[in-house]
Each structure stands twice: as C-alpha cells, then as structure tokens.
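One structure is given here, and the rest of the page talks about it.
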Ligand SMILES: [Zn+2]
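Residue numbers (my numbering): 1 to 67.
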C-alpha cells in the first residue's frame with residue numbers, strides 16, 4: 001500500500017505540514033455571534049475583540065466557497 005504514499009521522503013512531508021501551518025496563520029475568519037463583529041485571527045480559541053464574547057464562529061478562509 002506504500003505505493004499510494006504521496007511523499008517520497010520525510011522532508012517533503014515536513015514541508016507539507018509547515019505549508020499548512022503557514023496557510024492557517026491569520027487566515028481564520030471569526031464572526032462574533034453576540035455582537036456581529038467580524039475579523040481575521042490566527043487561532044480557533046478566540047475572544048471577541050469588541051464585546052469579549054466567547055461565542056465565536058471560526059472559519060478557515062481557504063474553506064470559503066469559490067462563488
Ligand atoms: Zn462580539
């Protein structure tokens with residue numbers, strides 16, 4: 001089954017992981033359900049900048065639909 005492994009060596013795999021980490025940096029769209037404030041952040045566990053609510057909807061920006 002190793003024929004299906006997409007990476008030829010561990011360094012490539014590491015670069016791939018690093019690429020994902022970089023892509024996620026400050027690319028999380030946050031929407032506060034309490035006050036409606038919207039901003040970009042780098043973590044999922046966030047508090048609203050405006051009203052300090054923890055009721056935040058977080059979406060990775062690269063998961064947005066293309067339309
Ligand atoms: Zn808020």
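All C-beta atoms in this analysis are idealised placements derived from N, C-alpha and C, irrespective of residue type, glycine included.
Around ligand 1, Cβ to any heavy atom closer than 6 angstroms, ordered along the chain: 32, 34, 35, 37, 48, 50, 51 and 53
Beta-carbon separation of residue 30 and residue 53 under 8 angstroms? no
Have a look at the DSSP bridge pairing and note the partners of residue 7. Note: residue 7 sits in no beta bridge, so no partner.
If you count every other CB in all the chains shown that lies within 10 Å of the CB of residue 32, and 16 or more means buried, which is it? buried
Looking only at its chain, what residues have a beta carbon closer than 7 angstroms to the beta carbon of residue 39, apart from the 5 residues adjacent to it on each side? 30 and 49
Going by DSSP in three states, residue 61 sits in which element: helix, strand or coil? helix
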